[in-house]
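Heads up, the thing below is written out as structure tokens.
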Amino acid sequence: MSKAINWPAQFREDVINESIDQLRVAFRLGRLYYDNHYWVDGEEVDIRVNHKIIRKGVIQGDLKCCLIQELDDSDYEAQKQGLKTAAQVIQFLAETYQKDVSPQTEITVVYYKNRPLDPAIMEVEDDPHMSV
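Offset between the sequence shown (1-based) and our numbering: plus 5.
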């Protein structure tokens, strides 16, 4: 199974409709991914929604570790609809991780570009952690 960037179901249409030309970004709580260099520049990953593959993506550049309050406009511009402000990001991360999140919370930022949609891989659920 390849590495993945997984989004909740609410972002399915965003993931499907996103351009392959624009830089995209994902935020992950904490610095675990950053410290372990989990994603590396040029690496191909699955872009998933609710653990089902929607498309492939390619990591762009190095991971960034920062406080939410240190995110810049370009980070928000590359983010999903509904995650365009610090308040929206804080709420999303708090709900997703079930943890207290504030502007001073440290996050890992991963940059990627989408590959074109491939109907042959869309909706494939191959995450062994999701098997029953």
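Glycine is no exception: its CB is placed at the ideal position from the N, C-alpha and C atoms.
What you are looking at is a predicted structure, and each value in this text was computed from that prediction instead of being measured.
| query | result |
| --- | --- |
| Could you tell me the distance, in whole angstroms, from the CA atom of LEU28 to the CA atom of VAL45? | 15 angstroms |
| Can you list, in chain order, the stretches of the beta strand (DSSP E) that have 3 or more residues and sit fully within the region 38-124? | 49-54, 57-64, 69-72, 111-119 |
| May I ask you to list the residues that DSSP assigns as paired with LEU28? | According to DSSP, LEU28 bridges with nothing at all. |
| When you compare only the Cα positions, how much space is there between ILE112 and ARG36? | 6 angstroms |
| When the Cα atoms are used, what is the spatial distance from HIS56 to VAL115? | 18 angstroms |
| How should ASP51 be labelled, buried or exposed, when 16 other C-beta atoms within 10 angstroms of its C-beta is the threshold for buried? | buried |
| Check ARG4 in the structure and name its three-state DSSP category. | Outside the displayed span of the chain (6 to 137) sits residue 4, for which this structure offers no information. |
| Is LEU72 buried or exposed, if buried means 16 or more other CB atoms sit within 10 Å of its CB? | exposed |
| Please identify the residue among SER107, THR110, GLN86 whose C-alpha is closest to the C-alpha of ILE21. | GLN86 |
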